[in-house]
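In terms of the numbering used here, the sequence shown is residues 1 to 177.
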Amino acid sequence: MHRVRQRSWHCLAVLFFLVTIVTTAIARDPLTLGWLERVRLQPWDIVVKAKLDTGAKTAAIHATDITRFKKDGKSWVRFKLSLDHRDPNSGTFLVERPLAREVKIKLRGTKKNDLRPTVKLEFCFGNDRYEALFTLVNREKFNYPMLLGRRFLTDLAVVDPGAKYNSTPTCRKIKKQ
Numbered sequence: 001m002h003r004v005r006q007r008s009w010h011c012l013a014v015l016f017f018l019v020t021i022v023t024t025a026i027a028r029d030p031l032t033l034g035w036l037e038r039v040r041l042q043p044w045d046i047v048v049k050a051k052l053d054t055g056a057k058t059a060a061i062h063a064t065d066i067t068r069f070k071k072d073g074k075s076w077v078r079f080k081l082s083l084d085h086r087d088p089n090s091g092t093f094l095v096e097r098p099l100a101r102e103v104k105i106k107l108r109g110t111k112k113n114d115l116r117p118t119v120k121l122e123f124c125f126g127n128d129r130y131e132a133l134f135t136l137v138n139r140e141k142f143n144y145p146m147l148l149g150r151r152f153l154t155d156l157a158v159v160d161p162g163a164k165y166n167s168t169p170t171c172r173k174i175k176k177q
């Protein structure tokens with residue numbers, strides 16, 4: 001009788017362990033996205049192309065006329081977002097956001113560092129809404145106005161380097177990253 005009870009407990013423990021593993025695997029099933037996707041910036045409802053770059057650590061967005069200022073004793077940033085980062089006549093939005101932090105970026109080919117402001121922005125990616133930290137930088141010499149790096153992509157998506165536009169930004173609920 002003792003062995004039967006002991007064996008029953010072992011079977012229950014193994015079953016519980018297997019259910020936990022399967023549930024965790026299902027809950028963390030990542031999206032498969034292309035190396036280039038469209039995102040919708042909120043609340044402006046601007047659709048921009050974003051490069052998904054697993055070689056980059058952080059996210060960045062094209063911004064111009066970046067100005068730091070104080071508001072109610074706290075650090076803020078004012079900047080312009082463009083509809084088309086390569087065409088200054090395409091229309092811009094003046095944005096003000098609290099300064100989340102400043103990031104020191106090593107400039108390529110030099111020994112200099114650039115101190116860039118970082119702000120939290122909300123955007124739609126696929127069917128969901130997210131908030132993420134973005135460094136503000138002039139990206140007019142780059143092909144895409146937005147870059148999403150590993151910090152954002154980790155636990156969310158697998159990037160297929162042979163695919164583009166696997167998702168459509170159709171805002172729903174918000175997910176904080």
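Yeah, the Cβ is synthetic: ideal placement off N, Cα and C, and Gly gets one too.
Item: Spatial neighbours of GLY126 within its chain, please: C-beta separation below 6 Å, excluding the five flanking residues on both sides.; Value: SER167
Item: Go ahead and pull the three-state DSSP assignment for PHE152.; Value: helix
Item: So for ARG129, helix, strand or coil by DSSP?; Value: strand
Item: Please state the DSSP three-state secondary structure of CYS171.; Value: coil
Item: Classify ARG108 as helix, strand or coil using the three-state DSSP reduction.; Value: coil
Item: What number of angstroms, rounded off, separates the C-alpha of LEU31 from the C-alpha of THR170?; Value: 15 Å
Item: Below 8 Å, can you find three or more Cβ-Cβ pairs linking the region 140-158 to the region 94-114?; Value: no
Item: On the DSSP bridge assignment, give the partners of LEU81 in chain order.; Value: PHE93
Item: Between the beta-carbon of HIS62 and the beta-carbon of PRO145, is there less than 7 Å?; Value: yes
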